[in-house]
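Some notes on the structure that comes next.
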Amino acid sequence: MKLKVRIAGIIPDSLTNGIGIRTVIFAQGCKHHCKDCHNPHTWDFKDGYEMEIDELYEIVKNNKLIKGVTLSGGDPFEQEDSFYVLCRRLKRLGLDIWCYTGYTFEKIKDSKLIGAIDVLVDGKFEINNTFNAKKFTGSANQRIIDVKKSVESRKIIEVGV
Ligand code: SF4
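FYI, the numbering for the sequence shown is 0 to 160, going by numbering that gives the first Met the number 0.
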């Protein structure tokens, strides 16, 4: 059986979802329901559309402009098995992987998908905490985490942006 993910959409070339030109894949389905979320249409797990991992892989592979891929949402961690397979394949193309999630790093640090991600932007969007939000984040609680360094050193190491 072909492995699939349910997504809300794709932006082929983005400069605002991580460092460099990136393809953004928006996962469909989110349990966090942050107040004033910018993408509430991505909450419903039955909405959006399914795509095969193979199809997504080919779309990204044929885009010669990009430095990497960003998973956004929705929450990609709700479909982590499929996204894990996709990300492992994309990394073999030399692409780096960023991922946005409503979960904190501490909550998902032992998950499967985290092992295929280079940079994690973590935590829920807090509408009352947007002042002082860093570039590439929505609110000041969210961190831009270097996953490999953080796992190795057992403390949060953030990426400078
Ligand atoms: S985690 Fe992201 S997609 Fe989910 S409700 Fe919060 S801001 Fe919206």
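The beta carbon of each residue, even a glycine, is placed where N, CA and C say it ideally should be.
Restricting attention to Gly17, Thr15, Asn127 and Ala26, the CA atom closest to the CA of Gln78 is found in Ala26. A straight-line Cα-Cα distance of about 23 Å links Asp109 and Lys3.
The segment 42-73 contains, as complete beta strand (DSSP E) runs of 3+ residues, the segments 48-51 and 67-71 (chain order). Take Arg142, set aside five residues on each side of it, and the residues of its chain with a beta-carbon closer than 6 Å to its own are Asp121 and Glu157, in chain order. Residue state for Ala115 is assigned as helix, using DSSP reduced to three classes.
For the set Lys60, Tyr83, Asn128 and Ser152, the Cα lying nearest the Cα of Gly93 is the one of Lys60. By the 16-neighbour rule on beta-carbons within 10 angstroms, Asp46 is exposed.
By the Cβ-count criterion, Leu64 is exposed, with fewer than 16 other Cβ atoms from all chains shown falling within 10 Å of its own Cβ.
In chain order, the residues with a C-beta atom nearer than 6 Å to some heavy atom of the ligand SF4 are Cys29, His31, His32, Cys33, Cys36, Asn38, Thr41, Gly72, Gly73, Asp74, Gly101, Lys123 and Phe124. Straight across, the Cα-Cα distance linking Ile18 with Glu105 is about 23 Å. Two segments are said to touch when three or more pairs of C-beta atoms, one from each, lie closer than 8 Å; by this definition the segment 83-90 does not touch the segment 31-44. Judged by their CB atoms, Cys98 and Ile126 are not nearer to each other than the 8 Å cut-off. Within 10 angstroms of the beta-carbon of Ser81 lie 16 or more other beta-carbons, which makes it buried.
The Cβ atoms of Ile24 and Ile6 sit closer than 8 Å to each other. Sequence-distant Cβ neighbours of Ile96 in its own chain, meaning closer than 8 Å and more than five residues away, are Gly67, Val68, Thr69, Leu70, Cys86, Leu89, Lys90, Ala115, Ile116, Asp117 and Val118. If you check the CB distance, His31 and Lys123 come in under 8 Å.
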